[in-house]
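Trainee:
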Amino acid sequence: MPELKKGFQVGEIQVRGDLILAPMDGYSSWPFRSLCRDLGSGISYTEFVKTEDVLDRPHHIKKKLYFTENERPVFFQLYGHDPDKLLAAALHLQEGEPDAIDINLGCPNRSITNRGAGAGLMRTPVKTARIFKKLSRALEVPITAKIRLGWQDCQNQLLIARIIAEYGGFLLAVHARTKEQGHQGEPDLVAVAEIKRIVDIPVIGNGGVKTVSDIQTMQEITDCDGVMIGRGAIHNPWIFSKLNREEIPVNQVQEIMLDHLERSLSFHGQERGLILFRKFATSYLAPYSISSEQRRQLLTQSDPRKFIQQLREIFVAAEG
Ligand SMILES: Cc1cc2nc3c(=O)[nH]c(=O)nc-3n(C[C@H](O)[C@H](O)[C@H](O)COP(=O)(O)O)c2cc1C
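The sequence shown: position 175 = 989 (the working numbering), numbered continuously.
1) Under the three-state reduction of DSSP, which class applies to A1132: helix, strand or coil?
2) Output needed for G821: all residues of its chain with C-beta closer than 7 Å, excluding positions within five of it in sequence on either side, in chain order.
3) Quick check: the region 1109–1119 against the region 1078–1089, are there 3 or more CB pairs under 8 Å?
4) Is there at least one non-hydrogen atom of ligand 1 closer than 6 Å to the beta-carbon of A1005?
5) Confirm, please, whether the CB-CB distance from W844 to Y893 is below 7 Å.
6) Mind checking whether P1063 and C850 have CB atoms under 7 Å apart?
7) To the nearest angstrom, how far is the alpha carbon of V1130 from that of I1043?
8) State the DSSP-derived secondary structure class of L1057, mapped to helix, strand or coil.
9) By the DSSP assignment, the alpha helix (DSSP H) with G999 in it spans what residues?
10) Counting only the same chain and skipping the five closest in sequence on each side, list residues whose C-beta sits under 7 Å from that of K948.
11) From M936, N1065, V955, pick the residue whose C-alpha is nearest to that of A914; which is it?
12) Is the closest heavy atom of ligand 1 to the C-beta of V1041 under 6 Å?
13) Let me check you understand the geometry: is the CB of V868 closer than 6 Å to at least one non-hydrogen atom of ligand 1?
14) Do N970 and K989 come within 7 Å of each other at the CB atom, strictly closer than that value?
15) Assign R871 to buried or exposed, taking buried as 16 or more other Cβ atoms, counted over all protein chains shown, within 10 Å of its Cβ.
16) Pick from Q1084, I1122, H1082: whose alpha carbon is nearest that of A1095?
17) Can you tell me whether DSSP reads G1019 as helix, strand or coil?
18) Of the residues G920, I977, Y841, T1031, which one's Cα is nearest the Cα of K1093?
19) What is the DSSP secondary structure of I1043, counted as helix, strand or coil?
20) Buried or exposed for G1022, going by 16 or more other Cβ atoms inside 10 Å?
21) Along the chain, where does the beta strand (DSSP E) containing G821 start, and where does it finish?
22) Can you tell me which residues form a DSSP beta bridge with I827?
23) Of the choices S1027, V888, E994, I977, whose alpha-carbon is the least far from that of D967?
24) Is the separation between the beta-carbon of I978 and that of A959 shorter than 7 Å?
25) Kindly examine ligand 1 and report whether one of its heavy atoms sits closer than 6 Å to the Cβ of H1049.
26) In angstroms with no decimal places, state the Cα-to-Cα distance between A1047 and S1055.
27) Take the Cβ of G932 as the centre, count every other Cβ of all protein chains shown within 10 Å, and call the residue buried at 16 or more, exposed below.
28) I need the DSSP call for A914, collapsed to helix, strand or coil.
29) In its own chain, which residues sit with a C-beta less than 6 Å from the C-beta of V888, not counting the 5 before and 5 after it?
30) With a Cβ-Cβ cutoff of 7 Å, do D867 and H873 count as a contact?
31) Could you tell me whether the Cβ atoms of N918 and Q891 are closer together than 7 Å?
32) Is R1110 near ligand 1, with its Cβ less than 6 Å from a heavy atom?
33) Short of 6 Å in beta carbon distance, which residues of its chain neighbour K899, apart from the five on each side in sequence? Order them along the chain.
The structure is reproduced here in structure tokens:
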């Protein structure tokens, strides 16, 4: 089995490590993102923000773009469809000093694609070329892209990849599914390999990676420079340290869970921080047999101190 590559360059930026947390709206805000970075994720991608919010309601997205210096390299992700608005928004985002700005060409949600943004952009190669040309000329930071395998009736990912590389893109993350597959279904790694073969910028493979062996499969089939992990990381953030979930001792799960909770409470405030942590708590505790009553009590607890106490009791039982 070939050794995984140990990092790559995005323009002048040295990415240390080849595993990267995927941008995930509702998940990859600072608490989880910074935790994954500490566990080995090589780039901190923020959740996507839309051009109109950047330009008209910047206070709405301030929290999504918050990062700490030790997370660098930090990539702000932007979505939109209008080249001029994308340029104006990217220039605005640049003031927040990210290391790169990433354009989303992958989001399959109809509300976004109907307006020609996200995966909708993949149907308009000429516009995509215009966007990358404009942004790469005007920005001081590198511009990167996250794409997917086109649409069922328009699998033009090779064309789009070439356009992005040709018009100034520095990095391509490829979600190995079509727009119609959304986030489900078998990822097509061979299609990612084809993209990797034809562009001379780094390519990150993404889709369906849950275990260390999935990482190796992605690397073997695609020869990609990095592997991006989304939902697999929610279930197992230790994947960035190349560890499978079942390898993590109970005391380490408890330690990371409490660390994550603390980040969530300090970042979002006590009440909201606990509410937003519940979905992560469910994933952390999934491997353990916990009674439905105990689970219900924990996940409806609104006092962080009592939540931590209940959690400790659950872990004492899990260790015993
Ligand atoms: C809840 C959720 C939110 C997502 N939000 C974003 C996003 O903001 N930007 C983006 O490029 N992709 C987003 N994605 C797609 C992921 O980055 C990734 O491409 C996808 O989940 C496939 O990877 P996985 O199979 O490892 O989960 C999201 C996916 C999920 C499940």
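We treat Cβ as the ideally placed atom computed from N, Cα and C, and that holds for glycine.
Mentor: Looking at the atomic coordinates:
1) helix
2) Q828, V829, R830, G831, D832, G856
3) yes
4) no
5) no
6) no
7) 31 Å
8) coil
9) Here G999 belongs to no alpha helix (DSSP H), and DSSP marks it neither H nor E.
10) P897, L901
11) V955
12) Because no heavy atom of ligand 1 lies under 6 Å away, the Cβ of V1041 does not count as near it: no.
13) Incorrect: V868 has no Cβ contact closer than 6 Å to ligand 1.
14) The sequence shown places His at residue 989, not Lys. It is not a contact, given that the beta carbons lie outside the stated cut-off.
15) exposed
16) I1122
17) strand
18) Y841
19) strand
20) With 16 or more Cβ atoms within 10 Å of its Cβ, G1022 is classed as buried.
21) G821 -> beta strand (DSSP E) spans 821–824.
22) As DSSP reads the structure, I827 sits in a beta bridge with V824.
23) E994
24) yes
25) The beta carbon of H1049 sits no closer than 6 Å to any heavy atom of ligand 1.
26) 11 Å
27) Classification for G932: buried.
28) strand
29) Answer for V888: S858, F881, P912, D913, listed in chain order.
30) Result no, Cβ atoms of D867 and H873 do not sit closer than 7 Å.
31) yes
32) no
33) By the criterion of a C-beta distance shorter than 6 Å, K899 is surrounded in its chain by T865, once the five residues flanking it on both sides are discounted.
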